[in-house]
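Heads up: the sequence shown begins at 1 in full-length UniProt numbering, then just goes up one per residue.
Below: the structure, in structure tokens.
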Amino acid sequence: MAVGVHTPTQLTLHAVSQRNEASAMDTASEHKTAHEMTATPPQRGIELPTRCPAIHIDPADQTRPTLPQARPLSVEYPSTNQVHVISTEPVDRGCRAWSVVVGSTATMIPTFGLMTTVGIFQVYLKENQLADWSNTEISWIISVFGFLAVLLCGPFGAVFDKFGPRWLMTPAATVYCASFLGIAFSSRYWQFFLCFSTAGVGAAALTTSALAVINHWFDKKKGLAMGICTMGGGLGGVIFSVVLRFTTKHLDWTTASLVHLAIIGAFLSLGCVLIKPKIRKPPQGKLWDFSCFRSWEFVLFTLSVCGFELVLFVAWGLLPTYANTVKLGDVFYLTLVFSVGSSLGRIIPGYFTDRIGPFNVTIVMTILTEATMLVLWLPFGDTSVSALYAVAFLLGFGTGSFVSTAATCLGRLCNAEDSGTYIGCCYAVVSLATLVGNPAGQAVLGDGRNGRTRWTVVFLGLILMVALTSCCFVRWLCMNRTWKWSVKV
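Structure (structure tokens):
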């Protein structure tokens, strides 16, 4: 056979060999491309997993381990044929993100803000409709209101993570407004009890949505955004203190309550319009997830929040009664000063949490609040008017910071898409403290005789000391059982 001449069989085998080589080259190219995509270093702004999310690792540091694979923009779930969309908008900036903060602040004004003035409600009811009932008995109305507003954060937080705020905001706002419409026409103990309890249910859904949605939109400026949001509670205290002062003096109870209802409805309408989720996903798995309780950091910080909220709720309801007992100051002005301090306490520490860390700020603010109680309130609170007003401002500043820093700390202990569940589970446990706090404080205070006013301060100081100790343990655990003040935690 001549050289260079191939039989048909040889030509066929040669063609098959060429196709196999081309297929192998394509496969190798695909593997190389996939490997390059997987090995691509993470972009700045993506948090790398650590033992405690409160400690950040700079993704720009190439010596750190890289993420195994970038998160897809959309994933199709075969079981539901729905698409999980994660927004690619940058966090911490943009009109949309800050409009959510405005909506959350507007929601906090008639919920947490109104809770700040419960002491004025309690004094008014004692002097008018419920004159035949004791302060301790009336305090249970307010306590159940706060208890439900905190307890139901658990289930509502799970609903928020699964379905977003749209399933919570409008129905909850309707229930909340309907409750205060009922309060306007109430005159008996059971009527007030029922209406305030229903209001607590609505407040739980509203505040959970307002706090949890901040974690969707903010990362580096989360502390500032949370501070502005929770400042609505202090601002609401100022607004409703002034409104209550005017309406209860110049209007009858029904008309005054309808004025309150109009203000509540206006703020909640703004919140319903502006609060939107950044992360959307179809509901999957269990609605209620208790896995957060497996984390010692979460459990110990929940104990800290119990102490913070106990002191906060006792201060809300007890300070006006304390002033009446020692015959010092004016209930309205004390509540107003407390609310002003609370407003500043929510935004100023919130600003510093982004710079030195939320756990560091929480510890510092707890120490300052403890010092206010032991150095100023305990020796001078029942003898000096100026000291009592100073206590009201500093106590408002300190306890106000607990609301914003606690929510920010919880956000550091979890991923953004789980923030509703973490906040909800934490405050579901904390609700027990809010239930017994005000009645316990009223029982310790009693008629103020035999040094009871000072024992009340000691009682609050001991609670805050336990909360401080627990928070320090959380910081220690987040730093892998080490302690350095220079670390941002």
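A virtual CB, placed ideally from N, CA and C, is assigned to each residue, including glycine.
Looking only at its chain, what residues have a beta carbon closer than 8 Å to the beta carbon of A390, apart from the 5 residues adjacent to it on each side? The residue you call residue 390 lines up with position 390 of the sequence shown. Cβ within range, chain order: L376.
Does DSSP put F160 in a helix, a strand or coil? As a first step, residue 160 must be located in the sequence shown, where it is residue number 160. Note: F160 maps to helix in three-state DSSP.
Taking only three categories from DSSP, how would you classify K126? Taking the sequence shown and counting its residues from 1, one reaches residue 126 at position 126. K126 falls in the helix class under three-state DSSP.
Under the rule that 16 or more other beta-carbon atoms within 10 Å means buried, what is I367, buried or exposed? Position 367 of the sequence shown, counted from the first residue, corresponds to residue 367. Result: exposed.
Could you compute how far the alpha carbon of W217 sits from the alpha carbon of V102? Along the sequence shown, one-based indexing puts residue 217 at 217. Along the sequence shown, one-based indexing puts residue 102 at 102. Going from the Cα of W217 to the Cα of V102 covers about 13 Å.
Under a Cβ-count criterion, where at least 16 other Cβ atoms within 10 Å of its own Cβ denotes burial, should F338 be classed as buried or exposed? Start at 1 with the first residue of the sequence shown, and residue 338 comes out as number 338. Counting Cβ neighbours within 10 Å, F338 comes out buried, since at least 16 surround it.
Is the distance from the Cβ of L419 to the Cβ of P349 below 8 Å? Walking along the sequence shown from the start, residue 419 turns up at place 419. Walking along the sequence shown from the start, residue 349 turns up at place 349. Checking the sequence shown, residue 419 turns out to be Ser, not Leu. Going by C-beta atoms, S419 is not nearer than 8 Å to P349.
Check whether the stretch 178-195 and the stretch 207-215 are in contact - that is, three or more C-beta pairs closer than 8 Å. no
For W316, count the other beta carbons within 10 Å of its own beta carbon; 16 or more makes it buried, fewer makes it exposed. Which is it? For the purposes of this step, residue 316 is identified with residue 316 of the sequence shown, where counting begins at 1. Its Cβ being crowded by 16 or more others within 10 Å, W316 is buried.
Are G227 and I347 close, meaning C-beta to C-beta below 8 Å? Translated into the one-based positions of the sequence shown, residue 227 becomes position 227. Translated into the one-based positions of the sequence shown, residue 347 becomes position 347. For G227 and I347, yes; Cβs fall inside 8 Å.
In terms of residues, what are the limits of the alpha helix (DSSP H) holding I367? Here residue 367 is taken as the residue at index 367 of the sequence shown, counted from 1. It spans 358-371 - the alpha helix (DSSP H) in which I367 sits, taken as one unbroken run.
Hey, would you say the C-beta of T482 is under 7 Å away from at least one heavy atom of the ligand PLP? No copy of the ligand PLP occurs in the structure displayed, which carries no ligand at all.
CB-CB under 6 Å to Q43, same chain, minus the five flanking residues each way: which ones, in chain order? Against the sequence shown, residue 43 aligns to sequence position 43. Bear in mind that the predicted position of Q43 carries a pLDDT of just 43, short of 50, making it too unreliable to give a figure here.
Starting from the Cα of I423, find the closest Cα among V238, F121, A149, G94 and give me that residue. In the sequence shown, counting from the first residue as 1, residue 423 sits at position 423. Comparing Cα-Cα distances from I423 to each of V238, F121, A149, G94, the minimum goes to A149.
In its own chain, which residues sit with a C-beta less than 7 Å from the C-beta of L312, not counting the 5 before and 5 after it? For the purposes of this step, residue 312 is taken as the residue at position 312 of the sequence shown. Answer for L312: T399, F402, listed in chain order.
Neighbour-count burial assignment, P171, 16 or more Cβ in a 10 Å radius: By one-based count along the sequence shown, residue 171 stands at place 171. P171 should be labelled exposed.
Using 8 Å for Cβ pairs, my map puts C292 next to A433. What's the rounded Cβ distance? As a working note, residue 292 is residue 292 in the sequence shown. As a working note, residue 433 is residue 433 in the sequence shown. Actually they are not in contact, since the Cβ atoms of C292 and A433 sit about 18 Å apart, beyond 8 Å.
Measuring straight from C-alpha to C-alpha, what distance separates Q129 and D252? Translated into the one-based positions of the sequence shown, residue 129 becomes position 129. Translated into the one-based positions of the sequence shown, residue 252 becomes position 252. The straight-line gap from Cα to Cα measures roughly 12 Å.
Pick from A406, L395, R475 that is closest to V457, judged by C-alpha positions: Within the sequence shown, numbered from 1, the residue matching residue 457 stands at position 457. Nearest of A406, L395, R475 to V457, Cα basis: L395.
Between the alpha carbons of V314 and D132, how many angstroms are there, rounded? Position 314 of the sequence shown, counted from the first residue, corresponds to residue 314. Position 132 of the sequence shown, counted from the first residue, corresponds to residue 132. Cα to Cα, V314 sits roughly 23 Å from D132.
Less than 8 Å between CB atoms is the rule here; does C95 satisfy it with respect to chain B? You won't find chain B in this structure, because it holds only one protein chain.
Are the Cβ atoms of I264 and C177 separated by less than 8 Å? Working through the sequence shown from its first residue, we reach residue 264 at position 264. Working through the sequence shown from its first residue, we reach residue 177 at position 177. Closer than 8 Å, so yes.
Among L460, A266, D382, K222, the one whose alpha carbon lies nearest that of V444: Locating residue 444 in the sequence shown gives position 444, counting from the first residue. That would be L460, whose Cα lies nearest to the Cα of V444.
Across the stretch 153-167 and the stretch 108-125, are there enough close Cβ pairs to call them in contact, namely three or more that are closer than 8 Å? no
Can you name, in chain order, every residue of its own chain whose Cβ lies under 6 Å from the Cβ of G437, other than the five neighbours on each side? As a working mapping, residue 437 is identified with position 437 in the sequence shown. So the qualifying residues of the chain are L310, F313, V314.
For a test of the three-state rule: what should DSSP assign to A131, helix, strand or coil? Translated into the one-based positions of the sequence shown, residue 131 becomes position 131. It is coil, neither helix nor strand.
Neighbour-count burial assignment, G94, 16 or more Cβ in a 10 Å radius: Locating residue 94 in the sequence shown gives position 94, counting from the first residue. The residue in question, G94, is exposed, as its Cβ has fewer than 16 Cβ neighbours within 10 Å.
Within 10 angstroms of the Cβ of H260, are there 16 or more other Cβ atoms? Answer buried if so, exposed if not. As a working note, residue 260 is residue 260 in the sequence shown. Buried, by the Cβ-count rule.
Which word fits R294, buried or exposed, when buried means at least 16 other C-beta atoms lie within 10 angstroms of its C-beta? For the purposes of this step, residue 294 is identified with residue 294 of the sequence shown, where counting begins at 1. By the 10 Å Cβ count, R294 comes out exposed.
Is V100 near L152, with beta carbons less than 8 Å apart? On the sequence shown, residue 100 is found 100 positions in, with the first residue counted as 1. On the sequence shown, residue 152 is found 152 positions in, with the first residue counted as 1. Cβ distance not < 8 Å, so V100 and L152 don't count as in contact.
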